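Participant: For the sequence shown, position 222 (counting from the first letter as 1) is numbered 258 according to the numbering used here, and the numbering increases by one without interruption. We put the beta carbon where it would ideally sit given N, CA and C, even for glycine. Note that the coordinates shown come from a computational prediction; the quantities given were computed from them, not determined experimentally.
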Amino acid sequence: MGYDNRAPVAEERPMQPVPVEGRVPAALRGTLFRNGPNPRRPAPDAHWFMGDGMIHAFRLSDSGVEYGNRWVRTVPWAQAGAEASDGRPGGFANTNIVGHANRLLALEEQHLPVAIDPISLATDGAEDFGGGLPAGPFTAHPKHDPRTGALVFFGYGAEGFFEATIRVGSVDAAGRTVRCETIKAPYAAMVHDFAVTERFVVIPLFPLLADPEAGVVWRQDRGAYLGVMDRQAGAASLRWVPAPPGFAFHVMNAWDQDGVLSIDLMLSDAPPFFPDPSGKAPADAPSFLTRWTLDLRDFGAAVTSRRLSDLDGEFPRIDERFAGRPHRHGFFTTFDAICHRNEATGAETLFRLPDGDSASEPVFVPRGEAEGDGWLLAVLFRQERFRSELAIFEAMDVVSGPVARAVLPCRVPAGFHGNWVGAAS
Ligand SMILES: [Fe+2]
């Protein structure tokens, strides 16, 4: 067992140059932003998910690599420091960070996005896209539609955390909220991720119930569902189809083709971090890349499930220019390795880390037009040095190891998610 790199860091660092081993590709220019919980006032009993969001930025320019980090200035962050919280955005804003319509948005799932200044990492405030977005829940995993540039989102607990309603909508490439409607779910539950195909919004619903008495509790007996809604027809077309047992935080991709819906997710037997009705947290269950398929011509048909990988993985990503269509290349972390999976062949290649080191979610950055032509960026924790590195891989040659590593003066906590914002965008 290595050091638990979920532990927070106490220091904010302004953007500063960091040394690079190897050569940063000349065409790779922009910033990798990452987000994760980092409690300003650490409380050993607090749930890991409840820490104040901290943004980490790795900026790649002609003059080298710079790194800096900064807390998101939310209400809980201010209160943790006994500072005035007036006018600050609510929530922890600690789960993801996404660029859209010239804004950089720190996301959690119970509150509006929080706009972050991409240069200074200062908190600009809650972002409602000119009043178009209603206050309330907004997923940490919105999806860009590669055909239109729209950002498709949902928010569970649309009418209150314990209510079985989900908001589904879309913000177009210019930042206009063009759709927002509320649908009804079979039960009130935490819904962490979803999928968007060319035709459908797909919501995997797992019985991680939001119960006013028990709190958030794992109720396997309530069964999982797949919600399928035609994007054009909207709420009236929504169907909930019973799904196989299990739980997933994250979806890799989904698509509809020839009347069959496919969704690839990281499926486990039970969620980590949350109790069952007896109050006991389930044992840590491995999660495996799994494909659910549903015949859309026959909604009476069952969702079928097929495990694709035997690797215990998380944080799945693809070349997102191919999101919503069948993908050929998938990437995820097993925490002790970065994995590239070729879906055409089923081949999996790994870059393994030394014992005690760990790898973040890998983020794909495109270069050429072909799917998979680009780089893969991940933040590695190196236990022996007790500091972190930004590692840059050739996406199609992960096994050869990083072509460049930016060696930070500090540790970057494990955190959750990140995204790349190119220098030109
Ligand atoms: Fe997530």
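Compute every distance between the C-beta of A225 and the non-hydrogen atoms of ligand 1, then say whether any falls below 7 Å.
Facilitator: For the purposes of this step, residue 225 is identified with residue 189 of the sequence shown, where counting begins at 1. No, Cβ of A225 sits at least 7 Å from all heavy atoms of ligand 1.
Participant: At the level of alpha carbons, what is the spacing between Q268 and D88?
Facilitator: As a first step, residue 268 is located in the sequence shown; it is residue number 232 there, counting from the start. As a first step, residue 88 is located in the sequence shown; it is residue number 52 there, counting from the start. Distance between the alpha carbons of Q268 and D88 is about 37 Å.
Participant: By how many angstroms is the C-alpha of V54 removed from the C-alpha of V435?
Facilitator: Translated into positions along the sequence shown, residue 435 becomes position 399. Translated into positions along the sequence shown, residue 54 becomes position 18. Roughly 25 Å between the two C-alpha positions.
Participant: Would you list the residues whose beta-carbon is nearer than 7 Å to any heavy atom of ligand 1, in the order they occur in the chain?
Facilitator: T131, N132, A176, H177, H228, D229, F285, H286, F452, H453
Participant: Report all residues from its chain with a CB closer than 7 Å to the CB of P248; omit the five preceding and five following residues, and keep chain order.
Facilitator: As a working note, residue 248 is residue 212 in the sequence shown. For P248, where only same-chain residues beyond five positions count, the Cβ hits under 7 Å are F198.
Participant: Kindly indicate which three-state DSSP category D436 falls into: helix, strand or coil?
Facilitator: Indexing the sequence shown from 1 puts residue 436 at position 400. This sequence places Ser at residue 436; Asp is not what is there. In the three-state reduction of the DSSP assignment, S436 falls in the helix class.
Participant: If you measure between the beta carbons of A221 and F242, is that distance less than 8 Å?
Facilitator: Stepping through the sequence shown from its first residue, residue 221 is reached at position 185. Stepping through the sequence shown from its first residue, residue 242 is reached at position 206. Contact: no.
Participant: Output needed for E57: all residues of its chain with C-beta closer than 6 Å, excluding positions within five of it in sequence on either side, in chain order.
Facilitator: To locate residue 57, count along the sequence shown from 1; it is residue 21. Same-chain partners within the cutoff: R441.
Participant: Can you list, in chain order, the residues of its chain whose CB lies under 6 Å from that of R70, leaving out five sequence neighbours each side?
Facilitator: Your numbering for residue 70 matches position 34 in the sequence shown. Closer than 6 Å at the Cβ level, and outside the excluded window around R70, lie H92, G451, G454.
Participant: Do A114 and S121 have their beta-carbon atoms positioned less than 8 Å apart in this structure?
Facilitator: Residue 121 sits at position 85 when you count from the first residue of the sequence shown. Residue 114 sits at position 78 when you count from the first residue of the sequence shown. Result yes, Cβ atoms of S121 and A114 sit closer than 8 Å.
Participant: Residues in the same chain with beta-carbon distance under 7 Å from G408, minus the five sequence neighbours each way, listed in chain order, please.
Facilitator: Position 372 of the sequence shown holds residue 408. Cβ within range, chain order: D355, R364, H365, A431, M432.
Participant: Within the same chain, show all residues whose beta-carbon is closer than 7 Å to that of D266, passing over the 5 residues directly before and after it, in chain order.
Facilitator: By 1-based counting over the sequence shown, the position of residue 266 is 230. Cβ neighbours of D266 beyond the five flanking positions: R235, F236, S273.
Participant: Closest to A158 by C-alpha separation, out of E48, S206, G167, D393, would be which residue?
Facilitator: Mapped onto the sequence shown, residue 158 falls at position 122. Selected option, being the one with the closest Cα: E48.
Participant: If you reduce the DSSP assignment to three classes, tell me which class P390 lands in.
Facilitator: Residue 390 sits at position 354 when you count from the first residue of the sequence shown. Three-state DSSP puts P390 in coil, outside helix and strand.
Participant: For V214, count neighbouring Cβ atoms within 10 angstroms of its own Cβ and tell me buried if that reaches 16, exposed if not.
Facilitator: Locating residue 214 in the sequence shown gives position 178, where the first residue counts as 1. Exposed: under 16 other Cβ atoms inside 10 Å.
Participant: Just the Cα atoms here: how many angstroms apart are E425 and V101?
Facilitator: Within the sequence shown, residue 425 is the residue found at index 389, counting from 1. Within the sequence shown, residue 101 is the residue found at index 65, counting from 1. Taking the straight line from one Cα to the other gives about 11 Å.
Participant: Using the C-alpha atoms, what's the distance from F85 back to A406?
Facilitator: Your numbering for residue 406 matches position 370 in the sequence shown. Your numbering for residue 85 matches position 49 in the sequence shown. Spanning the two alpha carbons is a distance of roughly 37 Å.
Participant: Assuming W107 and N74 form a contact by the criterion Cβ under 8 Å, report the distance between their Cβ atoms to the nearest whole angstrom.
Facilitator: Taking the sequence shown and counting its residues from 1, the one referred to as residue 107 is at position 71. Taking the sequence shown and counting its residues from 1, the one referred to as residue 74 is at position 38. Contact flag correct, Cβ pair sits at about 7 Å.
Participant: Let me confirm a value: A459 is counted as buried when at least 16 other C-beta atoms fall within 10 Å, else exposed. Which label applies?
Facilitator: Taking the first residue of the sequence shown as 1, we reach residue 459 at position 423. Flag for A459 reads exposed.
Participant: Could you round the C-beta distance between W328 and L244 to whole angstroms and report it? I think they count as a contact, below 8 Å.
Facilitator: Residue numbering aside, residue 328 sits at position 292 when the sequence shown is read from its first letter. Residue numbering aside, residue 244 sits at position 208 when the sequence shown is read from its first letter. Going by Cβ atoms, the distance from W328 to L244 rounds to 17 Å, so no, they are not a contact pair.
Participant: So what does DSSP say about E356, is it helix, strand or coil?
Facilitator: Here residue 356 refers to the residue found at position 320 when the sequence shown is read from its first residue. E356: helix per DSSP, three-state reduction.
Participant: Determine the direct distance from the alpha carbon of L141 to that of L68, and round the result to whole angstroms.
Facilitator: The residue you call residue 68 lines up with position 32 of the sequence shown. The residue you call residue 141 lines up with position 105 of the sequence shown. Note on geometry: alpha-carbon atoms of L68 and L141 lie some 13 Å from one another.
Participant: Give me, in chain order, the residues of the same chain whose beta-carbon lies closer than 8 Å to that of A317; leave out the 5 immediate sequence neighbours on both sides.
Facilitator: Here residue 317 refers to the residue found at position 281 when the sequence shown is read from its first residue. Cβ within range, chain order: P308, F309, F310, P311.
Participant: Three-state secondary structure (DSSP) at Q268?
Facilitator: One-based indexing of the sequence shown puts residue 268 at position 232. Of the three classes helix, strand and coil, the one that applies to Q268 here is coil, per DSSP.
Participant: Using the beta-carbon count (16 or more within 10 Å), is Q146 buried or exposed?
Facilitator: Sequence index remark: in the sequence shown, residue 146 carries index 110 (1-based). By the neighbour-count definition (other C-beta atoms within 10 Å, threshold 16), Q146 is a buried residue.
Participant: Can you grab the Cα-Cα spacing for the pair G270 / T233, in whole Å?
Facilitator: One-based indexing of the sequence shown puts residue 270 at position 234. One-based indexing of the sequence shown puts residue 233 at position 197. The C-alpha of T233 is placed about 14 Å away from the C-alpha of G270.
Participant: First and last residue of the beta strand (DSSP E) that includes V188?
Facilitator: For this step, residue 188 is matched to residue 152 along the sequence shown. 187-192 is the extent of the beta strand (DSSP E) around V188.
Participant: In chain order, what are the residue ranges of uninterrupted alpha helix (DSSP H) at least 4 long that sit wholly in the segment 108-163?
Facilitator: 111-116
Participant: Given M51, which residues of its chain have a CB within under 6 Å of its CB, disregarding the five upstream and five downstream residues?
Facilitator: Residue mapping note: residue 51 aligns to position 15 of the sequence shown, counting from 1. Excluding residues within five positions, the ones whose Cβ falls inside 6 Å are E102, G104.
Participant: With H, G and I counted as helix, E and B as strand and the rest as coil, what does DSSP make of S273?
Facilitator: Locating residue 273 in the sequence shown gives position 237, where the first residue counts as 1. Helix.
Participant: Below 8 Å on the Cβ atoms is my contact criterion, and I expect R12 with R423 to pass it. Report the Cβ-Cβ distance as a whole number of Å.
Facilitator: There is no way to answer for residue 12, as the model of the chain reaches only from 37 to 461.
Participant: May I ask you to report which of helix, strand or coil DSSP gives D300?
Facilitator: Position 264 of the sequence shown, counted from the start, is the residue given in the question as residue 300. Residue state, collapsed to three classes: strand.
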